[in-house]
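S.K.: Attaching a single structure in structure tokens format; questions to follow.
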């Protein structure tokens, strides 16, 4: 039982490049989330998916897109990376409607130069 | 004013000491409250929920003061392994977008 996995762990992009962050969970959770964490700031919700087939914007969705591929997988795409998207990205999942008692993945450290 | 505010620290205390953190929140209608622990360069992990009546888990005690809109975390007999950042989390509504994370309080326990 791996919990929540994320790939890649680290990534360096040039401004304007695109990439997809992958997240998968094996706990049969309905809800999945993408957060970003910047120094001196709390985690901020980018997008979430309350159930398979649905996605909703969080606090900071601009510059990102998501896909809930199936119940297990929730990906985050940066179409044209910007330096302001340099951050640590965490995926989370939970059985209920909120991630508060759920699980976070190990994070992806993204640097955009 | 930030929706959830924490003293960033760092708090640097000797092993065995008692240390307490507070976290204030702006929305009086907030519904539920949590403390998370985050080790350096790791993901956050749920430490404990905060109930209206207060709750205790071993050396950790969490309390809620709705009148003054803050929650607190008390750590007794601190261990070196308690060194981490403690995140306050407040659920201010009925959707995931209403869950607000504080920026964390850094705790360092010295031998």
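Chains as they are written, first to last, in the working numbering: chain A, 3 to 115; chain B, 158 to 268.
The beta carbon of each residue, even a glycine, is placed where N, CA and C say it ideally should be.
For clarity, every value in this text was computed on a predicted model and none was experimentally measured.
Just to confirm, are residue 219 of chain B and residue 210 of chain B a CB contact at a threshold of 8 Å?
M.R.: As a first step, residue 219 of chain B is located in the second chain; it is residue number 62 there, counting from the start. As a first step, residue 210 of chain B is located in the second chain; it is residue number 53 there, counting from the start. Cβ atoms of residue 219 of chain B and residue 210 of chain B: not closer than 8 Å.
S.K.: Mind reading off the beta-carbon distance from residue 92 of chain A to residue 106 of chain A? Whole number of angstroms is fine, and I expect it under 8 Å.
M.R.: Along the first chain, read from residue 1 onward, the residue named residue 92 of chain A stands at position 90. Along the first chain, read from residue 1 onward, the residue named residue 106 of chain A stands at position 104. Between residue 106 of chain A and residue 92 of chain A the Cβ distance is about 5 Å, and since that is below 8 Å, they are a contact.
S.K.: Residues of chain A with a CB under 8 Å from the CB of residue 260 of chain B: which are they?
M.R.: The sequence position of residue 260 of chain B within the second chain is 103, counting from 1. Ordered by position in chain A, the residues that pass the 8 Å Cβ test against residue 260 of chain B are 42, 43, 44.
S.K.: Which residue marks the beginning of the beta strand (DSSP E) containing residue 171 of chain B, and which one marks its end?
M.R.: On the second chain, residue 171 of chain B is found 14 positions in, with the first residue counted as 1. Where residue 171 of chain B is concerned, the enclosing beta strand (DSSP E) stretches over 168–171.
S.K.: Going by the beta-carbon positions, is the gap between residue 23 of chain A and residue 253 of chain B smaller than 8 Å?
M.R.: Start at 1 with the first residue of the first chain, and residue 23 of chain A comes out as number 21. Start at 1 with the first residue of the second chain, and residue 253 of chain B comes out as number 96. Going by C-beta atoms, residue 23 of chain A is not nearer than 8 Å to residue 253 of chain B.
S.K.: Might you give, ordered along the chain, the residues of its own chain that have their beta carbon closer than 8 Å to the beta carbon of residue 71 of chain A, omitting 5 neighbours on each side?
M.R.: Translated into positions along the first chain, residue 71 of chain A becomes position 69. Taken in chain order, the residues that qualify are 77.
S.K.: Determine whether the Cβ of residue 244 of chain B lies closer than 8 Å to any Cβ atom of chain A.
M.R.: Looking up residue 244 of chain B in the second chain gives position 87. Judged by the 8 Å Cβ criterion, residue 244 of chain B is in contact with chain A.
S.K.: Answer yes or no: do residue 110 of chain A and residue 8 of chain A have a C-beta to C-beta separation smaller than 8 Å?
M.R.: Walking along the first chain from the start, residue 110 of chain A turns up at place 108. Walking along the first chain from the start, residue 8 of chain A turns up at place 6. Cβ distance < 8 Å, so residue 110 of chain A and residue 8 of chain A count as in contact.
S.K.: Between B:249, B:167, B:205, which has its C-alpha nearest residue 265 of chain B's C-alpha?
M.R.: Position 108 of the second chain holds residue 265 of chain B. Ranking B:249, B:167, B:205 by Cα distance to residue 265 of chain B puts B:167 first.
S.K.: Exposed or buried, which one is residue 96 of chain A when buried takes at least 16 other CB atoms within 10 Å?
M.R.: Here residue 96 of chain A refers to the residue found at position 94 when the first chain is read from its first residue. Residue 96 of chain A is buried by the Cβ-count criterion.
S.K.: For residue 254 of chain B, which three-state DSSP category applies?
M.R.: For the purposes of this step, residue 254 of chain B is taken as residue 97 along the second chain, with counting starting at 1. Helix at residue 254 of chain B.
S.K.: From residue 57 of chain A to residue 215 of chain B, what does the alpha carbon distance come to, in whole angstroms?
M.R.: Counting from one through the first chain, the residue named residue 57 of chain A turns up at place 55. Counting from one through the second chain, the residue named residue 215 of chain B turns up at place 58. So the two alpha carbons sit approximately 39 Å from each other.
S.K.: Measuring alpha carbon to alpha carbon, tell me which of A:27, A:108, A:88 ends up nearest residue 14 of chain A.
M.R.: Residue mapping note: residue 14 of chain A aligns to position 12 of the first chain, counting from 1. Comparing Cα positions, the closest option is A:88.
S.K.: Relative to the alpha-carbon of residue 260 of chain B, which residue among B:238, B:221, B:182 has its alpha-carbon at the smallest distance?
M.R.: Position 103 of the second chain, counting from 1, holds the residue named residue 260 of chain B. Selected option, being the one with the closest Cα: B:182.
S.K.: Can you list the residues of chain B that residue 50 of chain A reaches, using a CB-CB cut of under 9 Å?
M.R.: Numbered from its first residue, the first chain carries residue 50 of chain A at position 48. 252, 253, 254, listed in chain order.
S.K.: DSSP state of residue 188 of chain B, grouped into three classes?
M.R.: Counting from one through the second chain, the residue named residue 188 of chain B turns up at place 31. Of the three classes helix, strand and coil, the one that applies to residue 188 of chain B here is coil, per DSSP.
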